[in-house]
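Protein chains in written order, with this note's numbering: chain F, 1 to 138; chain G, 1 to 138.
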DNA sequence: GACTTGACTTAGACATTGTCCAATGTAGGA
DNA sequence: TCCTACATTGGACAATGTCTAAGTCAAGTC
Ligand SMILES: [Mn+2]
Ligand SMILES: [Mn+2]
Ligand SMILES: [Zn+2]
Ligand SMILES: [Zn+2]
């Protein structure tokens with residue numbers, strides 16, 4: 001995460017306690033927190049941090065390409081710090097657990113030009129759904 | 001759509017003016033309306049229809065498998081009457097236009113078991129993103 | 001170290017999307 | 001025609017997200 005903080009400093013960011021805390025929360029593998037979850041964890045480290053600052057900071061990180069927005073369910077957006085390695089997601093339909101996955105092949109190649117309707121297609125998101133081991137056992 | 005109304009009658013649905021109007025609105029190809037858009041179009045045909053009824057009816061149609069929920073953007077859910085032909089979506093990143101597409105191949109086969117984390121994977125959603133012809137020209 | 005300034009943070013109002021409920025209405029069978 | 005279980009309604013409430021005015025502070029300058 002200090003990598004991230006360094007990059008942000010290089011981009012002219014003022015290093016505030018709030019931004020440091022948000023960056024700390026957004027660290028690790030398979031991390032896909034909602035804004036309110038980020039806020040709750042940030043408050044544990046810095047009680048006076050506001051919801052508005054969390055939303056602002058997340059939005060800025062997304063604009064900078066340091067964090068991805070993921071919408072695996074129809075509720076809140078989730079924020080994914082694993083922005084520098086392209087990947088897709090595997091979601092448990094029962095408990096919502098999310099794993100990063102790396103399918104083989106290139107789904108873009110599977111969309112023939114006759115199915116492109118003249119669009120310039122630049123990106124593809126794949127969401128696999130199923131049951132995680134815990135939920136399948138229950 | 002009278003097909004749909006027949007199926008619903010067969011399932012024991014009471015045929016109300018409200019349900020008929022929602023079914024009428026949800027007709028056609030490449031239709032992906034939000035609940036409020038459905039409501040606005042329904043009101044044009046039946047001014048006294050309430051938001052609650054539109055939400056109730058859409059929820060029931062989804063439960064019955066007659067309509068799909070689609071979340072191509074991070075805003076409102078969209079309702080897709082094309083539930084009987086599996087397909088994916090192509091979305092314009094600029095104006096939000098949505099087309100139904102039918103990629104070749106089977107993306108499920110592209111997820112090796114080493115990338116399944118013990119999940120029972122049953123479904124996959126693919127969303128292609130790019131620019132529609134109009135937005136690319138502008 | 002003190003000063004300055006524009007970027008940053010905050011609380012809370014407001015907006016959008018969706019859910020829930022008690023009261024009222026009605027489709028369809030008896 | 002009557003009955004009643006099912007359906008609809010309006011509005012309160014909830015969850016998520018946006019915006020703004022006022023106060024705060026990081027970091028450059030002296
Ligand atoms: Mn991820
Ligand atoms: Mn569709
Ligand atoms: Zn699970
Ligand atoms: Zn477009």
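Beta carbons are placed, not taken as given, at the ideal position from N, Cα and C, and that holds for glycine.
Given the structure is predicted, the values throughout are model-derived calculations rather than measurements.
query, result
"Our contact map puts residue 52 of chain F next to residue 67 of chain F with C-beta atoms below 8 Å; I'd like the distance itself, whole angstroms only.", "Going by Cβ atoms, the distance from residue 52 of chain F to residue 67 of chain F rounds to 17 Å, so no, they are not a contact pair."
"If we cut at 8 Å on Cβ distances, does residue 113 of chain F have a partner in chain G?", "no"
"Bridge partners of residue 69 of chain G, per DSSP?", "G:79"
"Taking a Cβ distance cut-off of 9 Å, strictly less, list which residues of the segment 31–45 of chain F are near chain G, in chain order.", "none"
"Would you verify that the beta carbon of residue 131 of chain G is, or is not, closer than 8 Å to some beta carbon of chain F?", "yes"
"Drop a sphere of 10 angstroms on the beta-carbon of residue 103 of chain F, count the other beta-carbons inside from all chains shown, and report buried for 16 or more, exposed for fewer.", "buried"
"For residue 110 of chain G, return the contacting residues in chain F, with the cut-off set at a CB-CB distance below 7 Å.", "103, 104, 105"
"Nearer than 7 Å: is that true of the beta carbon of residue 90 of chain G relative to any heavy atom of ligand 5?", "Although ligand 5 was asked about, the structure shown includes only ligand 1, ligand 2, ligand 3 and ligand 4 as ligands."
"Residue 100 of chain F to residue 110 of chain G, Cα distance in whole Å?", "14 Å"
"Return no unless some Cβ of chain G is closer than 8 Å to the Cβ of residue 121 of chain F.", "yes"
"Under 9 Å between beta-carbons, which chain F residues line up against residue 125 of chain G? List them in chain order, please.", "125, 126, 127, 128, 129"
"Residue 125 of chain G bridges to which residues according to DSSP?", "F:127"
"On the DSSP bridge list, what partners appear for residue 49 of chain F?", "DSSP, once it has assigned bridges, lists no residue as partnering residue 49 of chain F."
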